[in-house]
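*Asks:* First the structure, then my questions, so here it is.
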Amino acid sequence: MLYPNEYFNSVKDITIEFLEKNKIKGLIVDVDNTLINLERKMPAGVSDWAKNIQKKGIKICILSNSNKIDKVGSVAKIIEAPYIFFGKKPLKSGFLRAKEILKLNSKNIAVVGDQIFTDVIGANRCNMFSILVKPIEEKDYLITRLKRPIERFIIKRYERKKLK
Ligand SMILES: [Mg+2]
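For what it's worth, this note's numbering labels the leading residue of the sequence shown as 135, then goes sequentially.
Shown next as structure tokens:
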């Protein structure tokens, strides 16, 4: 439940080949520290990655826990994808709404995000593929910051398990 199916340094490392191999046809993507940093800056290459992957037939829906509609909406506009804000992850409701937008089965959806306690747990509860990415920056909102040491512990165990 706590482990992701896959762990990448950045969304940009998620390739079309990887998605096809795992039968993923749609992505539910987090915003804060996954697509933009806390200063709302999107790292170079991220929007190209998102547009490219959609051109290859992978659908994207943004799902953010942020209640800032202007922030989430402007990211969605840049990558040209629908969005849900105030998503209440890890509750299932936001993921199920995103699934309806994507019009796909859970097993063909991957959730992409930087937090175990919202993105990964939510994905696993909904039987979706979970992809954890390294946060864009170390800087975090306070509540998130408190969870990071536990996340690092889980990631370490996950990586050890993977090596076996
Ligand atoms: Mg995040």
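Beta carbons are placed, not taken as given, at the ideal position from N, Cα and C, and that holds for glycine.
Being a predicted model, the structure only gives us computed values, none of them experimental.
Throw me the rounded Cβ distance for the Asn139 and Phe263 pair, which I believe falls under 8 Å.
*Replies:* Within the sequence shown, residue 139 is the residue found at index 5, counting from 1. Within the sequence shown, residue 263 is the residue found at index 129, counting from 1. Yes, they are in contact, since the Cβ atoms of Asn139 and Phe263 sit about 5 Å apart, within 8 Å.
*Asks:* Give me the pocket residues for ligand 1, defined as CB within less than 6 Å of any heavy atom, sorted by chain position.
*Replies:* Asp164, Asp166, Asn167, Thr168, Gly247, Asp248 and Gln249
*Asks:* Taking the alpha carbon of Gly191 as the reference point, which residue from Leu161, Leu266 and Lys202 has its own alpha carbon closest?
*Replies:* Here residue 191 corresponds to residue number 57 of the sequence shown, with the count starting at 1. Among Leu161, Leu266 and Lys202, the Cα nearest to that of Gly191 belongs to Leu161.
*Asks:* So for Tyr141, helix, strand or coil by DSSP?
*Replies:* Here residue 141 is taken as the residue at index 7 of the sequence shown, counted from 1. DSSP places Tyr141 in strand when its eight states are reduced to three.
*Asks:* Is it a yes or a no for the segment 224 to 233 touching the segment 143 to 154, going by three-plus beta-carbon pairs under 8 Å?
*Replies:* no
*Asks:* Quick check: the Cα distance between Glu272 and Lys157, rounded to an integer number of angstroms?
*Replies:* Against the sequence shown, residue 272 aligns to sequence position 138. Against the sequence shown, residue 157 aligns to sequence position 23. Rounded to the nearest angstrom, the two C-alpha atoms are 32 Å apart.
*Asks:* What is the residue span of the beta strand (DSSP E) that Gly228 lies within?
*Replies:* Residue 228 sits at position 94 when you count from the first residue of the sequence shown. Careful: Gly228 lies outside any beta strand (DSSP E), inside the alpha helix (DSSP H) at Lys226 to Leu236.
*Asks:* Compare the C-alpha of Lys205 against each of Leu225, Val165 and Gln249 and name the closest.
*Replies:* The sequence position of residue 205 within the sequence shown is 71, counting from 1. Residue Val165 is the option with its Cα nearest to Lys205.
*Asks:* Going by beta-carbon coordinates alone, are Gly207 and Tyr217 separated by less than 8 Å?
*Replies:* Locating residue 207 in the sequence shown gives position 73, counting from the first residue. Locating residue 217 in the sequence shown gives position 83, counting from the first residue. In terms of Cβ geometry, Gly207 and Tyr217 form a close pair [threshold 8 Å].
*Asks:* I need the boundaries of the beta strand (DSSP E) containing Leu197, first residue and last residue.
*Replies:* Walking along the sequence shown from the start, residue 197 turns up at place 63. Looking at the DSSP string, the run of the beta strand (DSSP E) that includes Leu197 is Lys193 to Leu197.
*Asks:* So, for Glu285: in the same chain, excluding its five sequence neighbours on each side, which residues have a beta-carbon less than 8 Å away from its beta-carbon?
*Replies:* As a first step, residue 285 is located in the sequence shown; it is residue number 151 there, counting from the start. So the list reads Gln249, Ile250 and Phe251, once near-sequence residues are dropped.
*Asks:* Val206 by DSSP, collapsed to three states: which one?
*Replies:* Within the sequence shown, the letter at position 72 stands for residue 206. DSSP places Val206 in helix when its eight states are reduced to three.
*Asks:* Taking the straight line between their C-alpha atoms, what separation do you get for Asn171 and Asp274?
*Replies:* Stepping through the sequence shown from its first residue, residue 171 is reached at position 37. Stepping through the sequence shown from its first residue, residue 274 is reached at position 140. Cα to Cα, the separation comes out at about 9 Å.
*Asks:* For the beta strand (DSSP E) that contains Ala244, what are its first and last residues?
*Replies:* Residue numbering aside, residue 244 sits at position 110 when the sequence shown is read from its first letter. Ala244 -> beta strand (DSSP E) spans Ile243 to Gly247.
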